[in-house]
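Student: To start, I am sharing the structure in question, which I have written as structure tokens.
Number of protein chains: 2
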Amino acid sequence: MSPQPVRVALLGAGTVGAAVARRLDDRAQRYAAQLGRPLELVGVAVRDASRDRPGVDPSLLTTDAEALVDRADVVVEVMGGLEPARALIERAMRRGAHVVTANKQLIAQQGDELHALADECGVGLDYEAAVMAAVPVLAVVRESLAGDRITAISGIVNGSTNFVLDMVARRGVPFQDAVRQAGELGYLEADPTEDLEGLDAAAKIVILARTAWGRPVTLADVQRTGINGLTDEDFAHAAAAGQVIKLVASAWCSGSGEDCRVELAVRPVGLPQDDPLAQAREGANVLIIEAESAGRLRLHGAGAGGEETASAVLGDVLRAARRR
Amino acid sequence: MSPQPVRVALLGAGTVGAAVARRLDDRAQRYAAQLGRPLELVGVAVRDASRDRPGVDPSLLTTDAEALVDRADVVVEVMGGLEPARALIERAMRRGAHVVTANKQLIAQQGDELHALADECGVGLDYEAAVMAAVPVLAVVRESLAGDRITAISGIVNGSTNFVLDMVARRGVPFQDAVRQAGELGYLEADPTEDLEGLDAAAKIVILARTAWGRPVTLADVQRTGINGLTDEDFAHAAAAGQVIKLVASAWCSGSGEDCRVELAVRPVGLPQDDPLAQAREGANVLIIEAESAGRLRLHGAGAGGEETASAVLGDVLRAARRR
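Now the structure itself:
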């Protein structure tokens, strides 16, 4: 008898979902060898099953997400938005499926409730892709530094705004032109509010802080200033002072020992040219983690993109499959 | 009834061992909370139990390493060298204890045999600290990128030689003087051969390559050139060409798909000033991992030091304790 496959359901077939589907197909043999049994994509839930999705087998498309969830061992949510993503994740957990998601707003807003439910149902809940795509910051904070004491985290966690700021700083493009060009190049959404106001970065720093210190911090705890209020004068002043303006997300545990108080901020900061965060070019992300024993660790990579996000999703899928 | 403690045995009380012992003591409460039961250091095996070890409770010292191993759930080997480290690790595994080690030469030379034994005994074998201390490169390669396809790894993985090369490049110190000063500052061992000839870097790149591609590569597969043959003329030439000489360890899987051929090298390379590897200052380590989906990830941090290495050892100890 050949071993039972691990049945994977995919919710969403946007750029991330399509990349995950393609890789589950073209790396199938290797995954089966790694796990000792195949990972089988049993369906892809979409709103419109008649639309063509390059690389995704059309026979796998379904509009019945609930029925799909009910026949999966691992549910991968890459549809985004709060609902129906949350309800489908809850349904998956109650039926004993492990959940992998890339949904940062959902985890930032309801991560604690979802973790409690995952524990109650005895299933895994992983979301490495929700923060900095393929840069494995959550695993490092949660596992590699589990024996250490993290004191501070800071970084550039939003590639879209970094692209804009880098265009202004290095190419001298006026700020509003840079925002427009970033939109045309696909670096900003049609509604760029979430990026420009720092909401995307805030969600990520909340998830990082919860992972690092296990405290129930929320988006409301973030002292948040976006880049949308910046003017060309601000950039000129920074340049004259030899500085680069970056949107920095930071979290630190102030006060001593285990009872430290977690503080969170997202704001534009003028940094010296040789600061490690000032080095982030275009859409790059970089995170600095400071820990009592490890000192200062720096992780750098692409913080967005369908393939890059799929790398983190697939790492979590293999983790979930090993749990079964 | 209070829960049974996880009994930890420490083999070795040098700079790393002493730091691990201190942290097991001062973070005891937090570890107990994380695990749901205490981590108890039951003994520290040393060659000379009469020597004072700052921060280590003298009543824990013992010269009978075998008896200590026999009463532990997790054995932490930080004594270094091939024997008796190997024999003690084998003994621990056969008695059902998980093993954590920082011993890069042992893992590079006998990692496959030790993994086979660990599987046979149903125990864990972890050694994050063996490569780049607290920079969590093995976890990233093995777990975070498990669903991706790693194509190449390169980096500066030996802080001692980087310290020497950085002194020459940035402070203009003649090469032989820099070697001498690095020795006086404790950056090089009394016998610096392992660092200067690239043997230390070779062991690390072998471990990384095995972790990335699961092939039985050995130290003999590494095309190795140390920095000991460099002359001040070489440095002058590099500087004139706007380059920085770094000792680069690299591994890549050439050829396509799953049947690629692993190649390994350690050698001094002239790099442009703005190359990410050229940025490594003093004793810093940096690793670049290239993967098909994730693109290029960069990890940067202190690659040596008692506290920094202890951070990685303790992360592995918690991982091992969770396995029980």
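As you go down the protein sequences, you meet chains A and B in turn. In short: position in the first sequence from 1, add 1392, done, that's our numbering. In short: position in the second sequence from 1, add 1392, done, that's our numbering. From the three backbone atoms N, C-alpha and C, an ideal C-beta is built for every residue, glycine too.
(1) Which residues, in chain order, does the region 1680-1697 of chain A contribute to contact with chain B at a C-beta distance below 7 Å?
(2) Can we say the region 1599-1618 of chain A touches the region 1497-1507 of chain A, given the rule of at least three CB pairs closer than 8 Å?
(3) Residues bridged to W1644(A) by DSSP?
(4) Around the Cβ of A1508(A), are there at least 16 other Cβ atoms within 10 angstroms (buried) or fewer (exposed)?
(5) Listed from N- to C-terminal order along the chain, which residues in the region 1540-1555 of chain B have their beta-carbon within a distance smaller than 9 Å of any beta-carbon of chain A?
(6) If you measure between the beta carbons of G1662(A) and I1637(A), is that distance less than 7 Å?
(7) Rounded to the nearest angstrom, how far is the Cβ of T1701(B) from that of A1479(B), given a contact under 8 Å?
(8) Hey, would you say the C-beta of E1581(A) is under 6 Å away from at least one heavy atom of the ligand MG?
(9) May I have the straight-line CA-CA distance separating E1458(A) from L1622(A), to the nearest angstrom?
(10) Can A1713(A) and L1427(A) be called in contact, C-beta distance under 7 Å?
(11) I want to see whether chain B comes within less than 7 Å of E1512(A), judged by CB atoms only; does it?
(12) Mapping the DSSP letters down to three states, classify D1518(A) as helix, strand or coil.
(13) If you check the beta carbons only, do A1405(B) and V1436(B) fall under 7 Å apart?
(14) Hey, is the region 1590-1599 of chain A in contact with the region 1523-1537 of chain A, meaning 3+ C-beta pairs nearer than 8 Å?
(15) What residue from Q1396(B), A1489(B), L1474(B) and S1442(B) has the CA that sits closest to L1402(B)'s CA?
(16) Just curious, the alpha helix (DSSP H) that N1554(A) is in, first and last residue?
(17) Which residues in chain B sit within 8 Å of V1709(A), going by Cβ to Cβ distance?
(18) According to DSSP, is T1701(B) helix, strand or coil?
(19) Which residue spans inside the region 1428-1497 of chain B form an unbroken alpha helix (DSSP H) run of at least 4?
(20) Determine, for L1706(B), whether the minimum Cβ-Cβ distance to residues of chain A falls below 7 Å.
(21) For V1556(B), which option in Q1396(B), E1674(B) and R1415(B) has the closest C-alpha, if you only look at C-alpha atoms?
(22) When the distance is taken between beta carbons, is G1539(A) closer than 7 Å to G1707(B)?
(23) Residue range of the beta strand (DSSP E) that L1679(A) falls in?
(24) Apart from the five residues on each side of it in sequence, which residues of its chain come closer than 7 Å, Cβ to Cβ, to A1570(B)?
(25) Nearest-angstrom Cα distance between G1647(B) and A1683(B)?
(26) Which chain A residues are close to E1674(B), counting only those with a beta carbon under 8 Å from its beta carbon?
(27) Roughly how many angstroms separate the alpha carbons of E1586(A) and L1453(B), rounded to a whole number?
(28) From the beta carbon of A1508(A), is the nearest beta carbon of chain B less than 7 Å away?
(29) Of the residues E1535(B), E1576(B) and R1439(B), which one's Cα is nearest the Cα of S1552(B)?
(30) Rounded C-beta distance between A1641(B) and A1676(B)? I'm assuming under 8 Å.
(31) Which chain A residues are close to E1699(B), counting only those with a beta carbon under 9 Å from its beta carbon?
(32) Along the beta strand (DSSP E) that carries V1398(A), what are the first and last residues, could you check?
(33) Buried or exposed for A1632(A), please, with buried defined as at least 16 other CB atoms from any protein chain shown within 10 angstroms of its CB.
(34) On the CB-based measure, 16 or more other CB atoms within 10 Å of its CB, does E1469(A) come out buried or exposed?
(35) For the beta strand (DSSP E) that contains L1689(B), what are its first and last residues?
(36) Going along chain B in order, which residues have a C-beta closer than 9 Å to the C-beta of E1535(A)?
Tutor: Once the coordinates are examined:
(1) A1683, S1685, A1686, G1687, R1688, L1689, R1690, L1691, H1692, G1693 and A1694
(2) yes
(3) A1544(A) and E1655(A)
(4) exposed
(5) D1540 and R1541
(6) yes
(7) With 8 Å as the limit, T1701(B) and A1479(B) do not qualify as a contact, their Cβ atoms being about 23 Å apart.
(8) The model on display carries no ligand, and the ligand MG is accordingly not part of it.
(9) 45 Å
(10) yes
(11) no
(12) strand
(13) yes
(14) yes
(15) A1489(B)
(16) G1551 to R1563
(17) G1539
(18) helix
(19) 1457-1461 and 1477-1486
(20) yes
(21) E1674(B)
(22) yes
(23) A1676 to A1683
(24) V1556, M1559 and V1560
(25) 14 Å
(26) The contacting residues do not exist; E1674(B) stays about 12 Å from chain A at best.
(27) 57 Å
(28) no
(29) E1576(B)
(30) Contact doesn't hold; Cβ gap of about 14 Å is too wide.
(31) E1684, S1685, A1686 and G1687
(32) V1398 to L1403
(33) exposed
(34) buried
(35) G1687 to A1694
(36) P1528, A1531, E1535, G1707, L1710 and R1711
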